[in-house]
Each structure stands twice: as structure tokens, then as C-alpha cells.
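Shown next, in C-alpha cells, is the structure this report addresses.
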């Protein structure tokens with residue numbers, strides 16, 4: 003009887019026009035669909051984090067017409083493009099960049115204040131990833147003595163490991179050790195980087211393992227890396243590279259053994275005089291080797307093979323080497339990005355095949371951008387130039403001796419920062435704040451210096467915009483200096499060839515952020531987003547805890 007009554011009720015509902023998954027509003031004929039609840043979290047099989055070293059945002063637009071459909075264009079057209087994405091701190095360099103992308107915070111909190119910096123406790127320079135408490139694995143040199151111990155907070159990769167009870171794998175890959183060690187976090191299953199020289203092998207540290215896995219040994223024993231020992235010619239006819247400057251010019255560096263800067267670059271001929279396999283770093287082939295190794299890691303580690311999310315962190319470092327050597331307006335940088343575009347396309351095609359289209363999530367960003375060669379800007383009548391750091395040091399030493407009676411007041415000058423000797427100041431009965439202000443006023447008068455701030459201002463201020471905001475986010479109370487210098491816009495402390503970075507100016511801060519794949523909307527925004535927003539956005543997508551020092555915010559427009 004009950005069964006018969008249920009059938010009658012169902013028939014009446016169907017006749018009345020109300021289907022399953024809908025409900026009828028009370029006292030109205032309008033039918034409203036019941037919206038199923040949004041998933042509490044997305045579960046891609048794999049997250050792929052890509053950092054392109056020294057990538058300016060305008061490399062997307064400048065070379066757009068020459069990109070293929072499967073690389074950068076796929077990310078932009080099918081994913082989400084944050085067009086107004088910036089570093090919100092300085093110095094804008096590789097170590098802080100990779101740490102900030104993955105920790106969701108800035109050097110003020112995660113502590114990686116430079117690639118290297120003066121340690122106020124030991125009085126020595128320290129390297130951001132260096133750690134002689136561990137041994138090299140895969141080489142007899144000390145190139146593997148690395149760990150993330152100087153990074154003071156967790157990363158989104160750490161949080162994934164914690165959330166999955168260490169069942170989700172994290173593998174990090176880069177030519178540069180710091181480009182792998184810092185993204186991998188404290189709990190990575192492995193981080194691998196490239197050693198040039200005689201062998202051209204991928205190596206690691208005993209922080210992660212005691213011996214290389216067989217798949218890495220197999221890759222090192224193969225002829226994959228050796229196959230790139232060939233002339234570097236342009237991918238496309240050089241006359242089509244109209245988005246960059248002349249091929250042979252005075253703004254580019256010359257590889258040892260070359261008489262000019264023009265294509266082609268005969269790598270076999272230049273091999274012995276330029277570090278052998280290390281020479282590949284200064285070519286787009288370094289990026290191709292990185293892609294090759296990342297794909298070997300995908301296969302060798304079975305990443306994305308089950309329902310538990312894994313993470314593959316890839317940093318393409320050759321873009322930075324090429325930019326430093328040839329400059330951001332060179333045909334070499336254009337060719338490097340066109341070749342990187344192809345490497346990205348084959349990476350995504352392999353992910354489609356191995357992990358499954360729609361089963362993985364990708365983000366692509368940079369660790370900093372770069373200035374155009376100041377010598378080139380000068381010749382184009384744009385205000386630009388170079389800082390004479392040696393001359394400034396001599397001038398400062400003379401001032402210190404005159405004003406304080408000793409040059410020992412300043413212990414170190416590095417990363418546009420002055421480190422003062424507190425004991426000397428105490429012996430002279432000079433207050434630290436007064437000394438900072440006196441020295442800042444002196445340095446402000448030097449050629450090429452735009453602004454100067456003191457450690458006292460960094461401690462006491464609460465800046466929300468502009469250069470002081472950027473400096474304060476990069477200022478770590480225990481590690482940073484006492485007087486902070488900002489070069490004039492268009493000025494750099496560098497040689498007259500090639501491009502560099504490090505300043506708080508917009509040409510160093512404006513970088514791409516592209517997101518694509520599972521859980522990511524299609525679209526774009528011109529609202530300002532910042533580097534520390536990436537980690538909490540990915541954490542929100544995965545439904546995991548934010549890195550424990552997070553100061554960024556999830557980018558809501560991006561997530562489905």
C-alpha cells in the first residue's frame with residue numbers, strides 16, 4: 003500500500019511539471035532549480051607550479067604572435083590571466099622570489115632576504131640555500147650541500163604534505179639549487195638541480211636522500227643532456243624577430259671566444275672555454291633540459307597517478323641567465339621564450355596523456371622581472387644610468403671617518419643595505435637611530451640614489467603603498483640592514499651589457515601570473531594581485547591549511 007502511494011505521488015509531481023532536482027516555490031508557479039552545493043575543495047591529481055626566472059609580464063604580449071597554441075596561449079586562452087601582478091617587496095631576486103611564491107608571504111616573514119646576505123650574528127655572508135651540514139648526492143663537489151633551513155616558514159608544498167599525511171608527493175626541479183630547494187619546502191620528497199662542468203648531471207642533497215633514485219641515474223647516464231651540445235641558432239627566421247633589437251650590438255655580452263654578439267652561437271666551439279655543460283645554462287637549451295628532467299620525474303615518481311594530490315615544482319632558470327647576459331631587448335631573449343613556449347606545450351601535452359586533461363592544475367609566474375639595459379635606455383634619451391658602488395663606498399668611508407672618527411661604524415654594504423656596528427656605536431655613545439639618520443642623509447646625496455630609508459622607519463612605520471611599503475615587506479628585523487638605499491628609476495649597479503633586477507621599481511615587480519586547469523576559471527583581471535597571493539589561492543583550491551606565515555590573500559576571481 004505504501005509503495006502504491008509513493009508511485010502515485012511521483013506521477014503527480016511529474017504531471018505537475020516539477021522534475022527531480024527542482025522545487026516549486028510556495029504559492030507561485032515559477033520553478034527554481036536547486037543548485038547543488040559547491041565542492042568543499044578541488045582534488046587535482048597533480049599541481050604543477052612553474053616559475054620562469056626573470057620573466058617580465060610584457061614577454062607575454064610582446065612575443066604573442068609568434069607563440070604556438072599549446073604553451074603560453076593555452077594558459078591565457080583557457081585559463082586565468084592576472085594582468086596586474088606584482089612583487090610587493092624588494093629585493094626582487096631569485097631566492098626571495100621563489101620563497102615568496104611558495105610561502106605566501108614576504109622576506110619580512112619568511113626570512114629569505116636575498117640570494118645571499120650578510121649575517122649579523124656571525125659576521126659572514128650566507129647563501130639562501132647553503133647548508134654544510136648536509137652532503138652532496140650525485141656529485142663529489144660541494145654543489146649539493148643545500149637545504150631550506152634558512153626559510154623560516156612553511157610552504158604550500160609543506161602544507162600539502164602535512165594535509166595528506168605525507169602521501170602526496172612533492173618533487174622540485176630547477177637548474178639553480180635555490181630554484182628547487184625553496185619551492186620544495188621543508189618536507190619535499192626530493193629537490194634536484196643541475197651541475198654543469200664535466201658531467202652535466204642532476205644532483206641533490208643528503209637532506210632529501212642518501213642516493214639518487216634509479217630513474218635519475220638513468221637520466222644522467224643517457225645522452226639527453228649531451229644532445230644539446232650543438233650550435234644555438236634561431237628557432238624561426240631571424241628576420242621575423244622584429245619584436246627585439248638588432249642582433250649584433252654593444253648592449254649584449256659576448257661569450258668567451260666570440261667576436262660579436264650575433265647568431266649563431268657555436269656552442270661546440272665555445273665549449274671548453276665556457277664551463278662545458280655549464281654553458282648550456284646561458285642558452286634556451288637549459289630550459290629544454292629542465293623540461294626533459296621534469297617529464298622524467300613525472301614518470302619516475304608516478305606523479306598524478308592516484309587520487310591523492312601530488313605537486314611538481316619546476317623553475318626554468320635559463321631565461322634569467324640569458325637575460326643577464328644578453329638583455330631583455332635581445333634576439334636571444336626572444337628566441338629563448340619562443341623555445342620555452344614549445345617546452346611548455348610538450349609539458350602540457352604529456353600531462354594530458356599521463357595525468358589526464360582536466361585532472362591537473364597549473365600556475366605560472368616569475369621570481370622577478372628585469373630592467374632594460376640602462377646603456378640602451380640612455381641612448382634612447384630615457385633617464386637611466388649606473389651606480390658607481392665602489393666610488394660611493396669610498397665617499398662614504400671618508401664621511402664616516404670625518405663624522406665619527408672611524409669607518410668601523412659600517413660593517414657591511416650589500417643588497418643596497420648598510421649594516422652598522424652596534425658595539426662601535428655604543429662605544430662612541432651614539433644612539434642607533436641617530437646614526438641611521440645621519441648616514442641616510444649623507445647617502446641620499448650620492449649620484450644615482452633615489453631614496454633612503456632607515457631601519458627605525460621600517461620598525462616604526464606601517465606603510466600601505468609605494469616604495470616604503472615594498473621595502474618594509476622585504477625588511478626582516480633580525481636579518482636586514484640599518485640603512486636601505488633605493489636607486490633612481492632606470493639606474494642599476496651592473497655592467498654595461500645585459501639586464502639585471504633587484505629594485506622596488508615597477509619594471510622589476512611586474513610579472514605574469516597565469517592559472518589553468520582543474521578548479522580554475524577562464525578569464526582575466528586587471529585588479530592588482532601580489533606574489534604572496536599565489537600560495538593561499540592554491541591552498542584554498544586544495545582545501546588545505548595556508549602556509550604558516552601567509553600574509554597574502556586568495557584571489558577569489560580565479561577559483562571555480
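In our numbering, the protein residues as written are 3 to 562.
For each residue, glycine too, the CB sits at the ideal point set by N, CA and C.
### Task
Assuming residue 610 and residue 371 form a contact by the criterion Cβ under 8 Å, report the distance between their Cβ atoms to the nearest whole angstrom.
No answer is possible for residue 610: it lies beyond the span of the chain, which begins at 3 and ends at 562.
### Closest by C-alpha distance to residue 530, when choosing among 306, 295 and 89
The shortest Cα separation from residue 530 among 306, 295 and 89 belongs to 89.
### Task
Entirely within the segment 361 to 399 and at least 3 residues each: give me those beta strand (DSSP E) ranges in chain order.
Taking 3 residues as the minimum length, the beta strand (DSSP E) runs contained wholly in the segment 361 to 399 are 362 to 368, in order along the chain.
### Query
Counting along the chain, where does the alpha helix (DSSP H) carrying residue 347 start and finish?
Element bounds for residue 347: 333 to 353.
### Query
Which two residues bound the contiguous alpha helix (DSSP H) that contains residue 110?
Here the alpha helix (DSSP H) through residue 110 covers 109 to 112.
### Message
Just to check my reading of the structure: residue 50 and residue 62 have Cβ atoms closer than 8 Å, yes? What is that Cβ distance to the nearest angstrom?
### Response
Residue 50 to residue 62, Cβ: 18 Å. No contact.
### Nearest to residue 125 (by Cα), restricted to the options 223, 290, 456 and 482
Nearest option by C-alpha distance: 482.
### Query
Going along the chain, which unbroken runs of the alpha helix (DSSP H) with 4 or more residues stay wholly within the segment 404 to 482?
For the segment 404 to 482, whole alpha helix (DSSP H) runs of length 4 or above, ordered along the chain, are 424 to 429, 434 to 446, 457 to 462 and 468 to 475.
### Query
Can you name, in chain order, every residue of its own chain whose Cβ lies under 6 Å from the Cβ of residue 339, other than the five neighbours on each side?
Result list for residue 339: 61 and 65, in chain order.
### Query
So what does residue 54 bridge to, in DSSP terms?
As DSSP reads the structure, residue 54 sits in a beta bridge with 318 and 368.
### Message
I'd like the list of long-range same chain contacts for residue 134, defined as Cβ closer than 8 Å, with 5 residues on each side in sequence excluded.
### Response
Hits under 8 Å: 144 and 147.
### Task
Measure the C-alpha to C-alpha separation of residue 158 and residue 217 and round it to an integer number of angstroms.
Going by the C-alpha atoms only, they are around 26 Å apart.
### Task
Can you grab the Cα-Cα spacing for the pair residue 97 / residue 181, in whole Å?
So the alpha carbons of these two residues sit roughly 7 Å apart.
### Query
Candidates 492, 128 and 258: which alpha carbon is nearest residue 119's?
Of the listed residues, the one whose Cα sits closest to residue 119 is 128.
### Cβ-based neighbour list, residue 289, same chain, cut-off 6 Å, excluding 5 preceding and 5 following
318, 320, 342 and 345.
### Query
If you pair each beta-carbon of the segment 267 to 277 with each one of the segment 184 to 194, do three or more pairs fall below 8 Å?
Flag = no, the segment 267 to 277 and the segment 184 to 194 do not touch.
### Query
When the Cα of residue 46 is compared with those of 525, 537 and 521, which residue comes out closest?
Closest option to residue 46, judged by alpha-carbon separation, among 525, 537 and 521: 521.
### Query
If you follow the alpha helix (DSSP H) that residue 217 is part of, which residue opens it and which one closes it?
Residue 217 -> alpha helix (DSSP H) spans 216 to 223.
### Query
Nearest-angstrom Cα distance between residue 479 and residue 430?
C-alpha separation (whole angstroms): 23 Å.
### Message
By DSSP's criteria, residue 278 is part of a beta bridge. Which residues make up the other side?
### Response
Bridge partners of residue 278: 199.
### Query
How is residue 328 classed by DSSP in three states: helix, strand or coil?
If DSSP states are grouped into helix, strand and coil, residue 328 belongs with the helices.
### Task
Could you have a look at residue 79 and say whether DSSP puts it in helix, strand or coil?
The answer is helix: DSSP assigns residue 79 an H, G or I state.
### Task
Return helix, strand or coil for residue 102, following the three-state DSSP convention.
Residue state, collapsed to three classes: helix.
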